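**Q** The following block contains the structure, expressed as structure tokens.
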Amino acid sequence: AEQQKIAWDIPFGDNANFEKFLALFMATCYDKQKALQYSELVKAYYAPMFQGKTASFDIGYSCRSEVVFKRLFHFDISPCYLHINYDIASERSYTADLPLHCFYDYSPAVTGALREHLISYQGPSCTGFDCSSGKAVPVFEEYGTPFAARYVTTQMQSAALQYVQDMVAIFDSDLDRLYARRMDASWPMEYFLHHPRPADANLFNTIPFEDDMGAGRVTIRDFWQESLNSVRNHNNTPDGWDERLNYYAMSKPKKWLVWLLVDRKIMKDTAKRKLKSHPLLLKISASCYHGLKRIYHVFAQ
Numbered sequence: 001a002e003q004q005k006i007a008w009d010i011p012f013g014d015n016a017n018f019e020k021f022l023a024l025f026m027a028t029c030y031d032k033q034k035a036l037q038y039s040e041l042v043k044a045y046y047a048p049m050f051q052g053k054t055a056s057f058d059i060g061y062s063c064r065s066e067v068v069f070k071r072l073f074h075f076d077i078s079p080c081y082l083h084i085n086y087d088i089a090s091e092r093s094y095t096a097d098l099p100l101h102c103f104y105d106y107s108p109a110v111t112g113a114l115r116e117h118l119i120s121y122q123g124p125s126c127t128g129f130d131c132s133s134g135k136a137v138p139v140f141e142e143y144g145t146p147f148a149a150r151y152v153t154t155q156m157q158s159a160a161l162q163y164v165q166d167m168v169a170i171f172d173s174d175l176d177r178l179y180a181r182r183m184d185a186s187w188p189m190e191y192f193l194h195h196p197r198p199a200d201a202n203l204f205n206t207i208p209f210e211d212d213m214g215a216g217r218v219t220i221r222d223f224w225q226e227s228l229n230s231v232r233n234h235n236n237t238p239d240g241w242d243e244r245l246n247y248y249a250m251s252k253p254k255k256w257l258v259w260l261l262v263d264r265k266i267m268k269d270t271a272k273r274k275l276k277s278h279p280l281l282l283k284i285s286a287s288c289y290h291g292l293k294r295i296y297h298v299f300a301q
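FYI, the working numbering numbers position 167 of the sequence shown as 167, with every residue one higher than the one before it.
Put into structure tokens, the structure is as follows:
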């Protein structure tokens, strides 16, 4: 790196330095055969978890992992997210033909570290795989969350699971009749995240949060407060953000109706992609579409 005038101990800073590093890496460190062997070992590790059609569940946000799994390992995955933040997830799921499902049809103002912490399993993160034994063995980081923080989070998660168990036990076969819109059922959680009492927020003062892009090592409480300040200052919409319809959070009939009315190009492209292995059905669908279009123009005149 030093011979190529690449500073290995500071951030890249711009695309030129990053591309220079990638070129050096490919020329000196990359071994295609070893990469393929590593990929096969990792695939063998994950394959039992992704047999047939599989749903993956996560907070969000970008479909990056699911796209990698499909393109490298050809797993049939349906990503199920709590919500997405930007259009990148919709674009990736569309190009990779991944049926994306979102619990929320919008992005909450307060999102990120705290929500992920509350919903995630309390344990170490996987940092890679050890393939020295001829099979992929996950390597986990040292789990250093303080006991007090782990205790508070575990109590909250246990109470939430107990609530679900109580609801099932009490209402049993009548559960299907207890209809509630997703947002309405989630209001207690969202209210807590957006309007916390100081005493409640301070419970998360001991949970570390690594902010490599900004302030360094802070707490989840600090990160949470920054999010709340941003909302209160009406500065929670990034510059250049392009607001679009989130088609992939809609039901299929609603999605196709919206496409028909406002985005026919996506409708046509999707129909061609879905029916490419059924040419006769595609031809019939196209004929019906053009017939309805001609009828519309006759009455529109």
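Using N, Cα and C, we set each Cβ at its ideal position, and we do this for glycine too. Just so you know, these numbers come straight off a predicted model, no measurement behind them.
Sorted by chain position, which residues of the same chain lie with C-beta nearer than 6 Å to Pro146's C-beta, five sequence neighbours on each side aside?
**A** Thr206.
**Q** Taking all protein chains shown into account, decide if His117 is buried (16 or more other Cβ within 10 angstroms of its Cβ) or exposed.
**A** Buried is the call here.
**Q** Suppose the cutoff is 8 Å on Cβ atoms and the five residues either side in sequence are ignored; what does the same chain contact list for Leu281 look like?
**A** Same-chain partners within the cutoff: Leu275.
**Q** Quick check on Gly134: buried or exposed, where buried means 16 or more other Cβ atoms within 10 Å of its Cβ?
**A** By the 10 Å Cβ count, Gly134 comes out exposed.
**Q** Distance, Cα to Cα, Arg92 vs Ile77?
**A** Between Arg92 and Ile77, the C-alpha separation is close to 13 Å.
**Q** I'd like the span of the beta strand (DSSP E) that includes Thr111, first residue to last.
**A** Unbroken run through Thr111: none, as it is neither H nor E.
**Q** Using 8 Å as the Cβ pair cut-off and three pairs as the minimum, do the region 103-118 and the region 36-55 touch?
**A** Short answer: they don't touch.
**Q** Using the three-state DSSP reduction, which class does Ser125 fall into: helix, strand or coil?
**A** Coil at Ser125, not helix or strand.
**Q** Please state whether DSSP places Tyr81 in a helix, a strand or coil.
**A** It is a strand residue.
**Q** Can you tell me where the beta strand (DSSP E) holding Ser56 begins and where it ends?
**A** Start and end: Lys53 to Asp58.
**Q** So the alpha helix (DSSP H) Pro253 belongs to, where does it begin and stop?
**A** Taken as a continuous stretch (DSSP letters only), the alpha helix (DSSP H) holding Pro253 covers Lys252 to Val262.
**Q** Does the Cβ of Leu257 have 16 or more other Cβ atoms within 10 Å, making it buried, or fewer, making it exposed?
**A** By the 10 Å Cβ count, Leu257 comes out exposed.
**Q** By alpha-carbon positions, which one of Phe192, Asp269, Val298 and Leu36 ends up nearest to Phe73?
**A** If we check each option's Cα against that of Phe73, Leu36 comes out closest.
**Q** Is Phe12 helix, strand or coil by DSSP?
**A** Note: Phe12 maps to coil in three-state DSSP.
**Q** Take Ala215 and list the residues in its own chain whose beta-carbon comes closer than 8 Å to its own, dropping the five residues that flank it on each side.
**A** In this prediction, Ala215 has a pLDDT of 46, which is less than 50 and means its spatial position is unreliable; nothing more can be read from the coordinates.
**Q** Three-state secondary structure (DSSP) at His101?
**A** In the structure shown, His101 sits in a strand (DSSP, three-state: E or B).
**Q** Just checking my contact of Pro108 with Glu190 at CB under 8 Å: how many whole Å lie between their CB atoms?
**A** Confirmed, about 6 Å.
**Q** Nearest to Leu228 by alpha carbon, out of Leu203, His194 and His101?
**A** Ranking the options by Cα distance to Leu228, first place goes to His194.
**Q** CA-CA distance, Glu142 and Cys126?
**A** Taking the straight line joining both Cα atoms gives about 10 Å.
**Q** Look at Tyr30 and Ala136 and say whether their C-beta atoms are less than 8 Å apart.
**A** Taking 8 Å as the Cβ cut-off, Tyr30 and Ala136 do not qualify as a contacting pair.
**Q** Please determine, among His101, Gly60 and Val42, the residue with the shortest C-alpha to C-alpha distance to Ser120.
**A** Here the closest residue by C-alpha is Gly60.
**Q** Where does Ser277 land, buried or exposed, given buried means 16+ other C-beta within 10 angstroms?
**A** When all chains shown are included, Ser277 counts as exposed.
**Q** For Asp362 and Phe75, I'd like the C-alpha separation in whole angstroms.
**A** Any property of residue 362 remains undetermined from this structure, which presents the chain solely from 1 to 301.
**Q** Decide if Thr153 is buried, meaning its Cβ has at least 16 other Cβ atoms within 10 Å, or exposed.
**A** The residue in question, Thr153, is buried, as its Cβ has 16 or more Cβ neighbours within 10 Å.
**Q** Of the residues Pro188, Ile84, Val218 and Ala96, which one's Cα is nearest the Cα of Lys70?
**A** Of the candidates Pro188, Ile84, Val218 and Ala96, the one whose C-alpha sits nearest the C-alpha of Lys70 is Ala96.
**Q** Looking only at its chain, what residues have a beta carbon closer than 7 Å to the beta carbon of Gly128, apart from the 5 residues adjacent to it on each side?
**A** Excluding positions up to five away in sequence, the list reads Val139.
**Q** List the endpoints of the continuous beta strand (DSSP E) containing Phe140.
**A** Looking at the DSSP string, the run of the beta strand (DSSP E) that includes Phe140 is Val137 to Phe140.
**Q** Could you say which of Tyr106, Asn15 and Phe57 lies nearest to Pro99 if we only look at CA atoms?
**A** Minimum Cα distance to Pro99 is reached at Phe57.
**Q** Counting C-beta neighbours from all protein chains within 10 Å, is the total for Pro196 16 or more, i.e. buried, or is it exposed?
**A** Buried, because 16 or more other Cβ atoms sit within 10 Å of the Cβ of Pro196.
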